[in-house]
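Just below is one structure, and these are the notes that go with it.
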Amino acid sequence: MKITIAQINPTIGDVEKNFDKIELAIEKGIKDNSDLIVFPEMSILGFPPFDLLNRKNIKEKIENSIEKILRKNYPIGILIGSPYYTSHGIYNSAYLFYKNTLSRVDKFLFAKDPLLQNLYFQCGNPEFIEFNNHKIGIFIGDDLLQCDNIVSLKEYLYQVDLIIMLSSSFYYLGKRKEKIEKAKNIAKNFNKKIIYVNQVGGNGELIFEGGSFIISEKGDLIFESKIFEEDITTINLENLSLNSYKEEDISFIYNGLVLGVRDYFRKSGFEKAVIGLSGGIDSAVVACIAKEALREEKVLGVSMPSIYTSKESIEDAKELSKNLNINFRIVSIKDIFYSYLKELNPSPSPIMDIAEENLQSRIRGNLLMFISNRENYIVLATGNRSEALTGYCTLYGDTAGSLEVIGDIYKTTVYKLAEYINKESEIIPKNIIMKAPSAELRPNQKDEDSLPPYTILDPILTAYVDENKSEEEIINLGFPKDIVRSVIEKVEKSEYKRRQIPPVLRIRSKNPLRERILPLVYKII
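Right under this line is the structure:
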């Protein structure tokens with residue numbers, strides 16, 4: 001049997017545009033003499049739709065699209081994900097169009113899901129679809145791979161000849177390997193070929209890597225689609241051989257973030273990005289990602305020096321902009337800062353403390369938002385995960401923006417991204433990478449004045465937040481007790497900040513803004 005895997009990039013809510021994309025893929029499948037074309041979960045509407053599901057006009061557009069496909073009577077089987085509306089609720093379904101007939105299977109497993117699909121969808125029943133003398137078991141989403149009690153599906157899985165999974169599985173580090181290994185085990189244990197079709201693209205904070213795959217009855221990977229790209233490929237299931245697994249490396253993070261930024265702008269109708277360039281590594285990496293995603297003429301870097309900004313930081317920002325060939329300007333905040341101090345510190349001997357430090361950051365945030373409003377730019381925030389978790393950031397200052405590009409990336413990984421960007425030529429000036437991190441909000445300031453070295457901080461944060469280890473367990477890993485307690489206190493005391501920073505592109509298995517849900521006020525440690 002020849003199958004076309006249609007790994008497409010749908011736009012949530014744009015049913016007409018998604019339908020056009022679907023039609024083009026069907027035409028390619030027909031041209032390739034395919035028997036069946038398989039699309040991802042929720043391809044017609046886009047995923048995740050959340051409350052869009054409840055809009056009447058969305059329901060009508062989806063039903064019209066389904067009618068169009070049915071009327072066209074294509075000479076090919078079409079398996080596609082879409083909502084199914086009934087008087088008693090909505091189902092996350094897979095439709096099979098073939099020879100002027102329509103079959104449907106509903107999602108019947110709801111494993112642990114941070115997107116809370118069970119709030120929107122009814123639960124269906126396990127059923128299979130007959131196609132081309134094959135009994136096909138249909139699974140929607142990754143629930144089969146996450147099922148804790150797969151023995152309960154034993155009878156169902158032994159009945160089918162082939163397993164097809166329609167998914168819209170968002171990316172995080174390590175997830176691909178988990179999915180493929182679990183699929184291998186299921187295929188081998190039940191002697192069934194598995195076809196897994198995933199969507200690709202960025203939808204808000206979520207990044208979908210694609211990477212659709214096929215596993216043989218022996219549990220071998222025999223096909224894998226492109227990563228972070230649309231890919232419509234026709235394959236003969238009988239003529240596939242062993243395929244090497246694409247190992248995740250730093251390029252996955254970089255390409256994922258580029259895709260996330262590109263689709264954030266493309267799908268929302270925005271075109272231009274403005275970034276505050278401090279001369280530091282975070283803003284440098286964000287500028288490189290933005291340039292790759294949007295093209296050089298669509299990116300503006302703004303240096304906003306204060307009385308504490310070093311000349312080398314201004315020069316580093318200027319050199320970076322030149323290397324990227326992006327637009328660049330300098331807007332000094334010195335006079336604005338002095339005018340604030342005059343009003344806020346009327347005494348002859350003004351106090352210089354954290355209030356004055358954060359004031360500089362907030363002035364910069366205001367300037368970036370002014371440029372955004374006046375010149376139709378979208379502000380990309382440049383904070384990283386280490387800062388967000390410890391609260392080492394200024395509300396309404398460096399947290400200002402529409403999207404936090406590297407907000408789910410630890411500082412130590414930011415350095416690895418910089419090295420990756422510079423692998424062929426020096427895009428990010430070497431001085432930016434080599435100098436000690438500093439917010440430059442007071443004389444001779446360094447990040448390590450307030451935080452442990454990032455080589456110590458990041459492993460502690462990983463253990464505490466990502467691995468949910470206790471204070472005692474982290475200390476037993478060899479970290480000093482006073483540092484561990486200090487880091488944990490910083491994390492717990494800054495929950496109110498994380499509630500207010502911009503949406504973050506998800507790239508790790510745990511995102512403090514979504515999966516680690518804590519009370520806003522509670523007893524700390």
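Residue 132 in UniProt numbering sits at position 132 of the sequence shown, and the numbers go up by one each step.
By construction, the Cβ of each residue, glycine as well, lies at the ideal position given by its N, Cα and C atoms.
Exercise for review: Run the CB neighbour count on Gln199, radius 10 Å, all protein chains shown included, and call it buried at 16 or more, exposed below.
Suggested key: Using a 10 angstroms sphere on the CB of Gln199, the tally of other CB atoms reaches 16 or more, which defines it as buried.
Practice item. Spell out the partners DSSP gives Ala183 in its beta bridges. Key: In the DSSP output, where bridge partners are listed per residue, Ala183 has none listed.
Check your understanding: Is the number of C-beta pairs between the stretch 208–219 and the stretch 404–421 that are closer than 8 Å three or more?
Key -> No: fewer than three Cβ pairs fall under 8 Å.
Practice item. Alpha carbon to alpha carbon, how far is Gly137 from Gly124? Give it in angstroms, no decimals. Key: The alpha-carbon atoms of Gly124 and Gly137 are separated by roughly 14 Å.
Check your understanding: In chain order, what residues of the same chain lie with their CB nearer than 7 Å to the CB of Thr11, ignoring the 5 residues before and after it?
Key -> So the qualifying residues of the chain are Lys17, Asn18, Gly46, Lys267.
Point to revise | Buried/exposed call for Asn384, threshold 16 Cβ in 10 Å | key: Classified as buried, Asn384 has 16 or more neighbouring CB atoms from the shown chains inside 10 Å of its CB.
Check your understanding: Which word fits Leu145, buried or exposed, when buried means at least 16 other C-beta atoms lie within 10 angstroms of its C-beta?
Key -> Leu145 should be labelled buried.
Point to revise | Same chain only: Cβ atoms within 7 Å of Asn236, ignoring 5 sequence neighbours per side | key: Residues Lys2 of the same chain have their beta carbon placed closer than 7 Å to that of Asn236, with the five preceding and five following residues left out of the count.
**Study point:** Leu513 versus Glu387 - alpha carbon distance
**Key:** Low per-residue confidence applies at Leu513: pLDDT is 47, beneath 50, and the placement is therefore not dependable enough to give any value.
Practice item. Have a look at Pro49, Leu24, Val38 and flag the residue whose alpha-carbon is nearest the alpha-carbon of Gly13. Key: It is Pro49 whose Cα lies nearest to the Cα of Gly13.
Check your understanding: For Gly29, which of helix, strand or coil comes out of DSSP?
Key -> In the structure shown, Gly29 adopts helical secondary structure according to DSSP, grouped into three states.
Review point. Roughly how many angstroms lie between the CA atoms of Gln500 and Leu162, to the nearest whole one?
Key: In this structure, the CA atom of Gln500 is about 47 Å from the CA atom of Leu162.
Check your understanding: Do Gly202 and Gly269 come within 8 Å of each other at the CB atom, strictly closer than that value?
Key -> No; because the gap between Cβ atoms is not below 8 Å, this pair is not in contact.
Check your understanding: Expressed to the nearest angstrom, what Euclidean distance is found between the alpha-carbon atoms of Lys179 and Gln122?
Key -> Taking the straight line from one Cα to the other gives about 25 Å.
Point to revise | Beta-carbon contacts of Leu115 that lie in its chain and below 6 Å, excluding the five residues immediately before and after | key: For Leu115, where only same-chain residues beyond five positions count, the Cβ hits under 6 Å are Pro48.
Point to revise | Gly256 versus Phe228 - alpha carbon distance | key: If you take the alpha carbons of Gly256 and Phe228, they lie about 6 Å apart.
Review point. Quick one: any contact between the stretch 327–336 and the stretch 355–369, if contact means 3 or more CB pairs under 8 Å?
Key: Short answer: they touch.
Review point. Going by beta carbon distance, what residues of the same chain come within less than 7 Å of Lys226, once the five residues before and after it are set aside?
Key: Excluding the 5 residues flanking it on each side, Lys226 has same chain C-beta neighbours closer than 7 Å at Gly210, in chain order.
**Study point:** Proximity to Glu23 [Cα-Cα], best of Asp35, Ala273, Lys193, Lys72
**Key:** For the residues Asp35, Ala273, Lys193, Lys72, the minimum Cα distance to Glu23 belongs to Lys72.
Exercise for review: Within its chain, find whatever has a CB closer than 6 Å to the CB of Glu127; leave out the 5 residues flanking it on each side and keep chain order.
Suggested key: Around Glu127, the same chain offers Val105 as residues with beta carbons nearer than 6 Å, after the five sequence neighbours per side are excluded.
Exercise for review: Consider the C-beta atom of Ile432 and the heavy atoms of the ligand FAD; say whether any pair is separated by less than 7 Å.
Suggested key: Ligands in the displayed structure: none, and consequently the ligand FAD is not present.
Point to revise | Reduced DSSP category for Phe47 - H, G, I as helix; E, B as strand; rest coil | key: Note: Phe47 maps to coil in three-state DSSP.
Review point. Between which two residues does the alpha helix (DSSP H) harbouring Gly256 extend?
Key: Going by DSSP, Gly256 is part of the alpha helix (DSSP H) stretching over 250–268.
**Study point:** Leu518 classed as buried or exposed, judged by whether at least 16 other C-beta atoms fall within 10 angstroms
**Key:** Its Cβ having fewer than 16 others within 10 Å, Leu518 is exposed.
Practice item. Tell me whether Glu467 sits in a helix, a strand or coil according to DSSP, three-state version. Key: Glu467 carries a coil assignment under DSSP once its states are collapsed to helix, strand and coil.
**Study point:** Helix, strand or coil at Pro480 [DSSP, three-state]
**Key:** Residue state for Pro480 is assigned as coil, using DSSP reduced to three classes.
**Study point:** Sequence-distant residues of its chain with Cβ nearer than 8 Å to Leu70 (five each side left out)
**Key:** Cβ neighbours of Leu70 beyond the five flanking positions: Phe97, Asn100, Leu102.
Review point. Within 10 angstroms of its Cβ, does Gly81 collect 16 or more other Cβ (buried), or is it exposed?
Key: Flag for Gly81 reads buried.
Check your understanding: If you count every other CB in all the chains shown that lies within 10 Å of the CB of Val299, and 16 or more means buried, which is it?
Key -> Burial is judged here by how many other beta carbons sit within 10 angstroms of a residue's own beta carbon; Val299 has at least 16 and is buried.
Practice item. Since I believe Ile428 is in contact with Ala317 (beta carbons under 8 Å), could you give me their beta-carbon distance rounded to a whole number of angstroms? Key: Cβ-Cβ separation between Ala317 and Ile428: approximately 11 Å, too far for a contact (criterion under 8 Å).
Practice item. May I have a chain-ordered list of the beta strand (DSSP E) segments no shorter than 3 residues that lie completely inside the stretch 309–386? Key: With a minimum length of 3 residues, the continuous beta strand (DSSP E) runs that stay inside the stretch 309–386 are 327–330, 378–381.
Review point. When DSSP builds the beta bridges, which residues end up paired with Val38?
Key: Beta-bridge pairing links Val38 to Ile5, Leu79.
Exercise for review: Check the C-beta distance from Thr382 over to Gly276 and give it rounded, since I have them as a contact under 8 Å.
Suggested key: A Cβ-Cβ separation of about 7 Å places Thr382 in contact with Gly276 under the 8 Å criterion.
Review point. Which class does Asn203 belong to by DSSP, given the choice of helix, strand or coil?
Key: Look at Asn203 here: in three-state DSSP terms it is strand.
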